[in-house]
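In the numbering used here, the protein residues as written are -4 to 111.
Even glycine gets a Cβ: it sits at the ideal position worked out from N, Cα and C.
Predicted, not measured: the structure shown is a model, and the values here were computed from it.
Here's the structure we're looking at; comments come further down.
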Amino acid sequence: MIEKIFGRMLRREKKKPFSTWQIELTTRCPLQCKMCIRSENDDWQYQDMALEDFKKILPYLGDVETVVLEGWGESLLHKDLAQCIRLVKNEGSQVGFVTSGMGLTKNRVSELMEAG
C-alpha cells in the first residue's frame, strides 16, 4: 500500500515540470484553531469553489505532478471533493488533501479512496 501511494516520490521520479500545485476548494472549517490565520480575521469569507470553476483549471494540470486540495479550509466540507479528486486523477496528476478528519466516516473514506 505504501508503495502504491508514495512509490514515485520514494523513487524520486519526476516526469512533469511542476511538482506540486495547491488548490483551495473551500475556506470553510469547523474548527477555530488559535494558530490559524482564520481566527484573527472577523471578515473571513466562507466560500466553496464551484465545480464549474474547478473544471476550468483541469486543462493546466498536464504539467503538474501532484495536486494538493487544501488551503485555509477543511477539504472534507466541500460537497464535490470526491469528484474533484476523480477529475485530477483523470488528468494524470497525483492528488492529496490535508484534513483534520472532523466528520470523517467509513463511508466517506471509501468514497474518497474509490475516487483516487
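Tell me whether residue i is buried or exposed, calling it buried when 16 or more other Cβ atoms sit within 10 Å of its Cβ.
i, result
"V93", "exposed"
"L26", "exposed"
"C79", "buried"
"Q40", "exposed"
"L99", "exposed"
"V104", "exposed"
"S88", "buried"
What distance in whole Å lies between the Cβ atoms of residue j and residue i, which are believed to be in contact at a cut-off of 8 Å?
i, j, result
"D43", "L20", "7 Å"
"C24", "E69", "4 Å"
"L107", "L76", "7 Å"
Output needed for residue i: all residues of its chain with C-beta closer than 6 Å, excluding positions within five of it in sequence on either side, in chain order.
i, result
"W16", "V59 and V62"
"G91", "V63"
"P12", "D58"
"W67", "T22 and R33"
Report whether the distance from the Cβ of residue i to the nearest heavy atom of the ligand FMN is below 7 Å.
i, result
"G66", "In the structure shown, the ligand FMN is absent, as is every other ligand, since no ligand is present at all."
Under 7 Å Cβ to Cβ from residue i, same chain only, skipping five residues before and after it: list those, please.
i, result
"I18", "I52, V62 and L64"
Practice task
Quick one: which unbroken beta strand (DSSP E) runs of 3-plus residues sit fully inside the stretch 23 to 102? Chain order, please.
Solution key: 59 to 64 and 89 to 91
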